[in-house]
Structure formats: structure tokens, C-alpha cells
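Engineer:
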Amino acid sequence: MKLFVNNLTNVDFSYLHTERGLMGESWLLQLELDGALNEQGMVCDFGIVKRLARDWMDDTIDHALLVPALAPGVTITQSAGMTEVVWTYADGQILTCRSPSAAIVAVDAQEITEASLAAWCEARLISLFPSEVKGMSLHFVPEEIDGAFYHYSHGLHQHEGNCQRIAHGHRSRIEILVNGERDSELEALWAQRWKDIYIGTQSHRMESPEGTNSYAYKAPQGDFSLSLPSAYCYDIDTESTVEQIARHLAARIKQVRPLDTIEVRAYEGIGKGAISRG
Numbered sequence: 008m009k010l011f012v013n014n015l016t017n018v019d020f021s022y023l024h025t026e027r028g029l030m031g032e033s034w035l036l037q038l039e040l041d042g043a044l045n046e047q048g049m050v051c052d053f054g055i056v057k058r059l060a061r062d063w064m065d066d067t068i069d070h071a072l073l074v075p076a077l078a079p080g081v082t083i084t085q086s087a088g089m090t091e092v093v094w095t096y097a098d099g100q101i102l103t104c105r106s107p108s109a110a111i112v113a114v115d116a117q118e119i120t121e122a123s124l125a126a127w128c129e130a131r132l133i134s135l136f137p138s139e140v141k142g143m144s145l146h147f148v149p150e151e152i153d154g155a156f157y158h159y160s161h162g163l164h165q166h167e168g169n170c171q172r173i174a175h176g177h178r179s180r181i182e183i184l185v186n187g188e189r190d191s192e193l194e195a196l197w198a199q200r201w202k203d204i205y206i207g208t209q210s211h212r213m214e215s216p217e218g219t220n221s222y223a224y225k226a227p228q229g230d231f232s233l234s235l236p237s238a239y240c241y242d243i244d245t246e247s248t249v250e251q252i253a254r255h256l257a258a259r260i261k262q263v264r265p266l267d268t269i270e271v272r273a274y275e276g277i278g279k280g281a282i283s284r285g
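Start counting the sequence shown at 8; every next residue gets the next number (the numbering used here).
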């Protein structure tokens, strides 16, 4: 007997892509369980399924940086509750991230894909379920987006939860209205400008070599730092909350379209975001 739950939850995280570097991502979780019926005539109660899977995803990969530990050009070291990752881009440039260990997850794979991450999660998640559950099939699915979107990573210094982690991210649609009408060209322009971007906060910037942006801050979970090539960075003068991102975009567009009414709907992953009007 099989039990399934579609769109059980979604996870927002960043990962190191073998070609594109640091990427924010948002995936929906689909889950199937295979097993015998218990005395209640169930494979497993839906409430238990949802709680176990959501809690494990929240505690393990959501708002974390996922690293393909078997990929070439990656070094992972751990000491005193901290993890440091050094990643070499194809062109020889370097990314370094140092965070409390819970914020960086080493995945035993050569690359992070929907399939490789699902297999890694299945092997760890199934042991949490009742004995009637004999098998598990887990699938990650990107949101279907009809229009422009971009992958971004960031960290929120002042956030009390896991958003404070310096390298987590989202795959987000963008909607820009000019005088009440969607402007697909503007949406595509900003989606391309922010493709695979790290949105940094200027006050977090540290001195660094030319061509490199370095960020650091101390948050409730501990000390965080990140250095990566400047070409993949875009700094704003506030924290990079979705509200401030929407506000920043609306202000930038208003500068070049001063006579138009501008509305920006910025998304933070799937199904949530902020609206700013100029």
C-alpha cells in the first residue's frame, strides 16, 4: 500500500552549483510512503507524516547552505562547532563560507540536484517513521513560474531565526507593474541582472582583495562570514529582507521612470513576498 502527500512543504536554501557557484533555491516536497496497514487501517497517520517530514526538513536543510561534498574543488573543515567551506569556481575564483555547523550541510554527492538531494534525504528520514513504513520515495519539485525569476542568496543579521544564516536563499519570481500593467521586459532585465546573485548589506562588508566581496557579522547563532567574487554580488544599504528588496527595486526603477507609477511584487521563495509602490 502506498500513501502520498503532494506539496507537503517547501524548502528554501542555497547550494554550491558545479558551474554557477552559490545559488538560492526553493523546492516543493512530494512524498510517498510504502508499507503495511496498521491496526487503524493506515500506513501512517497524515498528521505524523507531515510533522516528521516538515520538522526534519526545517532542522536539516531549510535555510542552510548545501555543499556537494564529493565535488572537485571543495574543502570542508570543522572545528569547535564551526564549519568552513572553501569552493573553487571553474575559472579559479574562490568562495569561502564560515558558519556555525548547523548552517552548512555536507551532502554526499558530486552535485546537488533534485534527485541527489532526495536520495540523501530518504536515507536519513525513513528511520524516523513507524515500523509499518517499509519504503519512501521523496521528490523535490521547482515551482512552475510563468515569467521572470531569479536565484538569490542572502543573510539577515538581525533575524532571530534561521534567516540569520549568511548563505541561504530562494528561487523567486518577480512582478513589476508600470502604470498598472505588467512590464515583462523590466522583469526579465532585473531577473537577468540578479541571476545567481548574492544580495549583501553594505554594513556587513569587510575589507577584501580587489574583485572579492567579504561579509561578516555576529548573530544569535554565532559568527558568520562569507567571501565570494564581486561579480556575483549586489549590495544594498539595508538588511536584505524581501520588504527592503521590493523597496529597493521600486526606488531604482522610479529613478529612471519618474513620471510613471511603479509597483514591485518581490517574492521570497514560493507564495510569499512583499509589495512596494513608487
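Note that the Cβ used here is the ideal one computed from N, Cα and C, for glycine as well. Keep in mind that this is a model prediction, so the values were computed, not measured.
Taking the C-alpha atoms as reference points, what is the distance between Y222 and L38?
Structural biologist: Rounded to whole angstroms, Y222 to L38 spans 37 Å at the Cα level.
Engineer: Alpha carbon to alpha carbon, how far is L10 from H24? Give it in angstroms, no decimals.
Structural biologist: Cα to Cα, the separation comes out at about 33 Å.
Engineer: Have a look at D190 and I183 and give me their C-alpha separation to the nearest angstrom.
Structural biologist: Cα-Cα distance, rounded: 6 Å.
Engineer: Just list the beta strand (DSSP E) runs in the region 81-164, keeping only unbroken ones of 3 residues or longer that don't cross its boundaries, in chain order.
Structural biologist: DSSP runs (the beta strand (DSSP E)) wholly in the region 81-164: 81-86, 89-95, 101-107, 111-114, 140-149, 156-161.
Engineer: Are the beta-carbon atoms of L235 and Y205 separated by less than 9 Å?
Structural biologist: Result yes, Cβ atoms of L235 and Y205 sit closer than 9 Å.
Engineer: Just to confirm, are E150 and W34 a CB contact at a threshold of 9 Å?
Structural biologist: In contact: E150 and W34 (Cβ atoms closer than 9 Å).
Engineer: If you reduce the DSSP assignment to three classes, tell me which class M30 lands in.
Structural biologist: If DSSP states are grouped into helix, strand and coil, M30 belongs with the strands.
Engineer: Whole angstroms is fine: what's the gap from P227's alpha carbon to A281's?
Structural biologist: Roughly 25 Å between the two C-alpha positions.
Engineer: Would you list, in sequence order, the uninterrupted beta strand (DSSP E) runs of no fewer than 3 residues that lie entirely inside the region 52-78?
Structural biologist: With a minimum length of 3 residues, the continuous beta strand (DSSP E) runs that stay inside the region 52-78 are 72-75.
Engineer: Does the beta-carbon of V263 have 16 or more other beta-carbons within 10 angstroms, so that it is buried, or is it exposed?
Structural biologist: When all chains shown are included, V263 counts as exposed.
Engineer: Along the chain, where does the beta strand (DSSP E) that runs through K261 open and close?
Structural biologist: Taken as a continuous stretch (DSSP letters only), K261 belongs to no beta strand (DSSP E), being part of the alpha helix (DSSP H) at 249-263.
Engineer: Could you round the C-beta distance between Y157 and I181 to whole angstroms and report it? I think they count as a contact, below 8 Å.
Structural biologist: Their Cβ separation, rounded to whole angstroms, is 7 Å, which keeps Y157 and I181 in contact under 8 Å.
Engineer: Excluding five sequence neighbours on each side, which residues of the same chain lie with their C-beta closer than 7 Å to the C-beta of S237?
Structural biologist: If we look at S237 and ignore the five residues flanking it on each side, its Cβ neighbours are G218, T219, N220.
Engineer: Please go through the same chain and pick out, in chain order, the residues whose beta-carbon is closer than 7 Å to the beta-carbon of S108, but skip the five residues on each side of it.
Structural biologist: If we look at S108 and ignore the five residues flanking it on each side, its Cβ neighbours are Q85, G88, M89, T90.
Engineer: Mind checking S283: buried by the 16 CB within 10 Å criterion, or exposed?
Structural biologist: The residue is buried, with at least 16 neighbouring Cβ atoms inside 10 Å.
Engineer: Quick one: is G276 near chain C, going by C-beta distance under 9 Å?
Structural biologist: Among the chains of the structure shown, chain C does not appear; only one protein chain is present.
Engineer: Apart from the five residues on each side of it in sequence, which residues of its chain come closer than 7 Å, Cβ to Cβ, to H255?
Structural biologist: For H255, where only same-chain residues beyond five positions count, the Cβ hits under 7 Å are I243.
Engineer: For H166, which beta-bridge partners are listed by DSSP?
Structural biologist: According to DSSP, H166 bridges with nothing at all.
Engineer: So, does the region 67-81 touch the region 93-103, judging by three or more C-beta pairs under 8 Å?
Structural biologist: With the cut-off at 8 Å, the region 67-81 and the region 93-103 touch.
Engineer: Is the region 129-144 touching the region 54-61, taking contact as three or more C-beta pairs under 8 Å?
Structural biologist: Enough Cβ pairs lie closer than 8 Å, so yes.
Engineer: When the Cα atoms are used, what is the spatial distance from Q171 to M64?
Structural biologist: Approximately 17 Å, taken between the alpha carbons.
Engineer: How about A110 and L72: are their beta carbons less than 9 Å apart?
Structural biologist: Yes, Cβ-Cβ distance for A110 and L72 is below 9 Å.
Engineer: Between the alpha carbons of R259 and I152, how many angstroms are there, rounded?
Structural biologist: Rounded to the nearest angstrom, the two C-alpha atoms are 24 Å apart.
Engineer: Which term fits E275, buried or exposed, when burial requires 16 or more other beta carbons within 10 angstroms of its beta carbon?
Structural biologist: E275 is buried by the Cβ-count criterion.
Engineer: Return the CA-CA distance between P265 and V74, expressed in angstroms with no decimal places.
Structural biologist: Between P265 and V74, the C-alpha separation is close to 43 Å.
Engineer: Cutting at 7 Å between CB atoms, please list the residues of its own chain near N17, excluding the five before and the five after it.
Structural biologist: Counting only Cβ-Cβ distances below 7 Å, and skipping sequence neighbours, we find S33, W34, L35, L36, G276, I277.
Engineer: Rank E214, I252, Y22 by C-alpha distance to the C-alpha of A116 and give the top, closest one.
Structural biologist: Closest option to A116, Cα to Cα, is Y22.
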